[in-house]
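Structure first, commentary second.
Residue numbers (the numbering used here): 2 to 130.
Rendered as structure tokens:
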């Protein structure tokens, strides 16, 4: 089975199952052990964080994004461009590969805590087991 076959099959799933699949794939990603965060990348991330904090009106909450995705799914809009998703995926993988292991582990621990606090209400809201 090719990557295109998998993508086609994934896009045929109901939105709730696609969200679970996306979360499963995201959870399975991890940077290599020899990753180091360069000063240039740290500066870029710091600049993006400052920009996000200075312009909170340009951010989208998870609830708003989820509502947009659900509206798109039920209006039979075409899916997001697969090449665009592939580019985003490569960018995420390249960035993740440069995060130091210790920082990655701290991030994962914080993420797990947030997930524990938010997962159950989100699953109930989506009607998932």
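Every residue, glycine too, gets a C-beta built ideally from N, C-alpha and C.
Legend entry - Length-filtered (4 minimum) alpha helix (DSSP H) runs lying within the region 20-100: As summarised for the region 20-100, the continuous alpha helix (DSSP H) elements at least 4 residues long and confined to that stretch are 40-55, 63-75, 83-97, given in chain order.
Inset, instruction - Name the two residues that bound the continuous alpha helix (DSSP H) containing residue 8. - result: 4-13
Inset, instruction - Apply the 10 Å Cβ neighbour rule to residue 86 and answer buried if 16 or more other Cβ atoms are within range, or exposed otherwise. - result: Here residue 86 is exposed. Its C-beta has fewer than 16 other C-beta atoms within 10 Å.
Legend entry - Candidates 111, 41, 20, of which the one nearest residue 63 by Cα: Considering only alpha carbons, the answer is 20.
Legend entry - Residue environment, residue 100, which counts as buried when at least 16 other CB atoms sit within 10 Å: It counts as buried.
Legend entry - Inter-residue Cα distance where the pair is residue 59 and residue 97: A straight line joining the alpha-carbon of residue 59 with that of residue 97 spans about 24 angstroms.
Inset, instruction - Report yes if the CB atom of residue 17 is closer than 7 angstroms to the CB atom of residue 127, and no otherwise. - result: yes
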